[in-house]
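Enquirer: Just so we're on the same page, the working numbering is the position in the sequence shown counted from 1, plus 911. Backbone N, C-alpha and C define an ideal beta-carbon position, used for all residues, glycine too. So that we are looking at the same thing, I have put the structure below in structure tokens.
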Amino acid sequence: MAVLEAVAAEAVKLVTAEVAGAVFTGGKRLVKAIRERVGGQLGPERLEQAVLTHLKDDPEWAERISLLLTQTREPQNTLVVEPPCDPFFDREEARTYAPDTGVFVIAGRPGSGRTALARRIAADRMARSPFPAVEIDLDQHRDGQALAFSRLKESLLKDLGVPPGEIASDAWALDRQLTSLLLTTRLLLILRNVRGTREIAPFAVGSGANLVIVTTAELTTELRMAYPRYAMLGPLDAGAGWTMLASRCGAAVLAAEPAATQRLLDICDHLPHAITRVAEVLDRRRGRPGAVADFVERLDAVGVAEVDDVVRQALDQIFAGLPAESVAGCAILAAHPGPDFTYESATALLGVSADPLLDRLTDVGVLSSVGHGRKRLHHDVRKYVGVQTDPEAALRRLLDHYCDRVVAADLADDPNRLRRYRHRDVVASGTAAEEFARLDRERPVLLDLTREAVRYGWHHEVCQLSGALEVLLNKKGGYHWYAALNEHALASADALAAEGATALAARVHMMQARVYTLMNIFDKAKAELDTAVPLIPDDDRQLRSSFLEFAGRLAEEWAKARGANDFTEAIGFFTRAIEIDTAIGDTRAFGIHVRMLANVLIEAGRPGEARTVLERAVTVSSGRNLARLRMVMAKAEVRMGNLAVARAALDSANAILVADGATQYNWELEECEAEYAVTAKRTSEARDRLRGLVEAAFRTGHPRAERYLARLRQLERR
């Protein structure tokens, strides 16, 4: 029986009894409310139909009648649910979203804290308005997989105060008796471990005035449609997970090993039950050096399910209820590189639309959203399903997906940029800026995928990834990440060099030298350039010019690090590169190399020469290269005291970089602003900017922090 139909039937029954002389608590108020709306001269059947019509047409009146019904029976104030765990962590959004009346569904995999949240919400509601509450675990009323409805209803009637001898014996009467009690009792009902709408309906008839909280392991489409107020429980917030762990094993244990603690929480998927169980282990190991890291090493290999029977049994239950194709799809998904994925990458990996599988895994609570449309398969699920089959074909599909994307973005960004990787016939689906912004969020995936691709011998594709991702390095930074990715690419490049692709191999080694230079690891940068130089074909003058650029940058940065003021070697490298650019008509490279030469001339104390050189490159530079040219112009003008010209150049550079979405040069721009402030005698502003640079460099461990700190100390002595 639907809720409003049940309310109408029960209300008319009580009105009829009240009119006949029976007396009920609050009965007169109910009679008055119905007569004011419907009138008093109708027979029971017509009255019920009229009441139902008004209930459907006027939700506020329906809520009022439902509430009046619950006031016609004396409450059983002795009924209570188990108290919530204390302290209670996180889930604030779900607690706020839960309604005061109706059906509220809490879904999540076992161990996600469904019952704890249900009890917390019950306590919240009862603190505001005390009334009886009942909690029922439906799994305790099953015969095999089927719910024993009659036995469950009898149990609930007993909880509601009906003596066993007065409980109806046949199914129809039992149903009517329970419906009547649920409609006329102010009650909060918790139904745990529900398996579909059919198991909720008999107990939801009183939800017009009461709250029914349902917990379920699978949020099916049927449940979503029938009960739109629901919460799908995923991981706890990072801070809540740490606090929960610390509350059980001690904050000092975790504070001593912050990185290992974060990894431990990730392995637990930030789920309450898993956190609780690992906390028990750590609590027994207090005082042992490296206890968290040792435990993480074990869990990383086997997963939480192998050290906790409850987690293992929960996963057994989840996967026993999934169809075979979902289990097989999950095993393929477990092979996805990196910690998370998108719908598009999952589809590429699976070879078919990922929607059906992702929906099913979401419904059973083993898939979490991590923002920006990305999903994460829980760590213990990855370990549980393992890799059932050889993932080579799936990984190849995924590799092609990413190669198409990164190469298309590279070509869209600048079709004339120096490349030596094998061409792919692709077109970007959006702008280069949009695609690189998405790829920026997929760095862990790209790193792991590159490693896997090398293992399978897909060397050209590996070099396509590393080559095209040079642009991501230029736009967004990430030196350590690119160095790690390109380290894998070096193995592929060397393999291809043996097959004759020496220009490609030279470029990969040159890029490794470049990133080492940016990281101030100069000896390794020199070694990579030494490896690259004999690989450059004699007729590849463009690549030779690029090599001279990288050699010049290494010479410049190495001289700065030594505190030397002799930039002769760097000036020589850049000058030779410019000569090649001029000879082959490469205006793009010419603009870049002129800017680099001018920068070194400024460092060498020759700003006038730098300005003359820069004027040659303005008309052939664009985008972020023009922005960087403007920054060097500003530096030259600042050195010569031309502050108005410098200000205009800095403003122009900033506008170009913002429009291009290039954040990699923010440090360089801020450094220019600091020097401008010094020359303009705005010492306080200069100190603030340099302090910000020092702090940012220290946060990332970048060696340029020492240079910024030295400049800051100079200012402090003024």
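Excluding the five sequence neighbours on either side, which residues of its own chain have a C-beta within less than 6 Å of the C-beta of M912, listed in chain order?
Expert: The sequence position of residue 912 within the sequence shown is 1, counting from 1. Because the pLDDT at M912 is just 48, under 50, the model does not fix this residue reliably, and the value given afterwards should be weighed accordingly. Taking M912 as the centre and dropping the five residues before and after it, the same chain places no C-beta closer than 6 Å to its C-beta.
Enquirer: Run through the DSSP bridge pairs and tell me what V1356 is partnered with.
Expert: Looking up residue 1356 in the sequence shown gives position 445. In DSSP, V1356 forms no bridge with anything.
Enquirer: Quick check: the Cα distance between P1113 and K1064, rounded to an integer number of angstroms?
Expert: For the purposes of this step, residue 1113 is taken as residue 202 along the sequence shown, with counting starting at 1. For the purposes of this step, residue 1064 is taken as residue 153 along the sequence shown, with counting starting at 1. Rounded to whole angstroms, P1113 to K1064 spans 9 Å at the Cα level.
Enquirer: Going by DSSP, what residue range makes up the beta strand (DSSP E) through R1223?
Expert: As a working note, residue 1223 is residue 312 in the sequence shown. No beta strand (DSSP E) contains R1223, which is instead part of the alpha helix (DSSP H) from 1220-1231.
Enquirer: Among all the DSSP beta bridges, which residues are the ones paired with T1127?
Expert: As a first step, residue 1127 is located in the sequence shown; it is residue number 216 there, counting from the start. Answer is A1018, V1105, bridged to T1127.
Enquirer: Is it true that the stretch 1287-1298 meets the stretch 1245-1258, where meeting means three or more beta-carbon pairs spaced less than 8 Å apart?
Expert: yes
Enquirer: Hey, quick one: how far does the beta strand (DSSP E) through Y1141 stretch, first residue to last?
Expert: On the sequence shown, residue 1141 is found 230 positions in, with the first residue counted as 1. Counting along the chain, the beta strand (DSSP E) containing Y1141 begins and ends at 1141-1143.
Enquirer: So M1551 packs on L1525, CB below 8 Å; how close in whole Å?
Expert: Counted from its first residue, the sequence shown places residue 1551 at position 640. Counted from its first residue, the sequence shown places residue 1525 at position 614. No, M1551 and L1525 are not in contact; Cβ-Cβ is about 12 Å, not under 8 Å.
Enquirer: Is the distance from the Cβ of V1207 to the Cβ of V1215 below 7 Å?
Expert: Position 296 of the sequence shown, counted from the first residue, corresponds to residue 1207. Position 304 of the sequence shown, counted from the first residue, corresponds to residue 1215. No, the Cβ-Cβ distance between V1207 and V1215 is not below 7 Å.
Enquirer: For R1053, which beta-bridge partners are listed by DSSP?
Expert: In the sequence shown, residue 1053 corresponds to position 142, counting from 1. L1058, per the DSSP bridge assignment.
Enquirer: Using 8 Å for Cβ pairs, my map puts Y1367 next to L1306. What's the rounded Cβ distance?
Expert: As a first step, residue 1367 is located in the sequence shown; it is residue number 456 there, counting from the start. As a first step, residue 1306 is located in the sequence shown; it is residue number 395 there, counting from the start. Indeed they touch by this definition, with Cβ atoms about 7 Å apart.
Enquirer: Any Cβ of chain D within less than 7 Å of the Cβ of G1389?
Expert: Annotation note: the requested chain D is absent from the structure, which comprises a single protein chain.
Enquirer: With distances taken between CB atoms, is the gap from A1564 to A1538 smaller than 7 Å?
Expert: For this step, residue 1564 is matched to residue 653 along the sequence shown. For this step, residue 1538 is matched to residue 627 along the sequence shown. A contact, by the Cβ cut-off of 7 Å.
Enquirer: Excluding sequence positions up to five away, which residues of its chain have a Cβ less than 6 Å from the Cβ of I1482?
Expert: Counted from its first residue, the sequence shown places residue 1482 at position 571. Only V1511 meet the Cβ criterion.
Enquirer: Short of 8 Å in beta carbon distance, which residues of its chain neighbour L1401, apart from the five on each side in sequence? Order them along the chain.
Expert: Against the sequence shown, residue 1401 aligns to sequence position 490. Close CB contacts of L1401 within its chain, under the 8 Å cut and outside five residues either way in sequence, are with V1419, H1420, Q1423 (chain order).
Enquirer: For the beta strand (DSSP E) containing E1046, list its first residue and its last residue.
Expert: Numbered from 1 along the sequence shown, position 135 holds the residue referred to as residue 1046. Segment 1044-1048, the beta strand (DSSP E) holding E1046.
Enquirer: Kindly identify the DSSP beta-bridge partner or partners of F1252.
Expert: Working through the sequence shown from its first residue, we reach residue 1252 at position 341. Note: F1252 sits in a beta bridge opposite K1286.
Enquirer: Mind checking which residues open and close the alpha helix (DSSP H) that includes E1579?
Expert: For the purposes of this step, residue 1579 is taken as residue 668 along the sequence shown, with counting starting at 1. That run of the alpha helix (DSSP H) goes 1577-1590.
Enquirer: Where does G1013 fall in DSSP's three states?
Expert: Within the sequence shown, residue 1013 is the residue found at index 102, counting from 1. G1013 falls in the strand class under three-state DSSP.
Enquirer: Check this for me: beta carbons of D1180 and P1146, under 7 Å apart or not?
Expert: Locating residue 1180 in the sequence shown gives position 269, where the first residue counts as 1. Locating residue 1146 in the sequence shown gives position 235, where the first residue counts as 1. Yes, Cβ-Cβ distance for D1180 and P1146 is below 7 Å.
Enquirer: Could you compute how far the alpha carbon of P1200 sits from the alpha carbon of S1457?
Expert: To locate residue 1200, count along the sequence shown from 1; it is residue 289. To locate residue 1457, count along the sequence shown from 1; it is residue 546. The alpha-carbon atoms of P1200 and S1457 are separated by roughly 50 Å.
Enquirer: Along the chain, where does the alpha helix (DSSP H) that runs through D1351 open and close?
Expert: Here residue 1351 is taken as the residue at index 440 of the sequence shown, counted from 1. Run containing D1351: 1343-1351, per the alpha helix (DSSP H) assignment.
Enquirer: Mind checking who S1280 pairs with in its DSSP beta bridge?
Expert: In the sequence shown, the residue the question calls residue 1280 occupies position 369. S1280 is bridged to K1286.
Enquirer: What is the DSSP secondary structure of L1100, counted as helix, strand or coil?
Expert: Stepping through the sequence shown from its first residue, residue 1100 is reached at position 189. Strand, per DSSP.
Enquirer: Quick one: Cα of A1348 to Cα of D1571, how far?
Expert: Translated into positions along the sequence shown, residue 1348 becomes position 437. Translated into positions along the sequence shown, residue 1571 becomes position 660. Whole-angstrom Cα-Cα distance: 11 Å.
Enquirer: Could you spell out where the alpha helix (DSSP H) holding Y1390 opens and where it closes?
Expert: Here residue 1390 refers to the residue found at position 479 of the sequence shown. Here the alpha helix (DSSP H) through Y1390 covers 1390-1408.
Enquirer: Using C-beta distances below 7 Å, list every residue in its chain close to I945, excluding the 5 sequence neighbours before and after it, in chain order.
Expert: Position 34 of the sequence shown, counting from 1, holds the residue named residue 945. Correct list, in chain order: A922, V926, V962.
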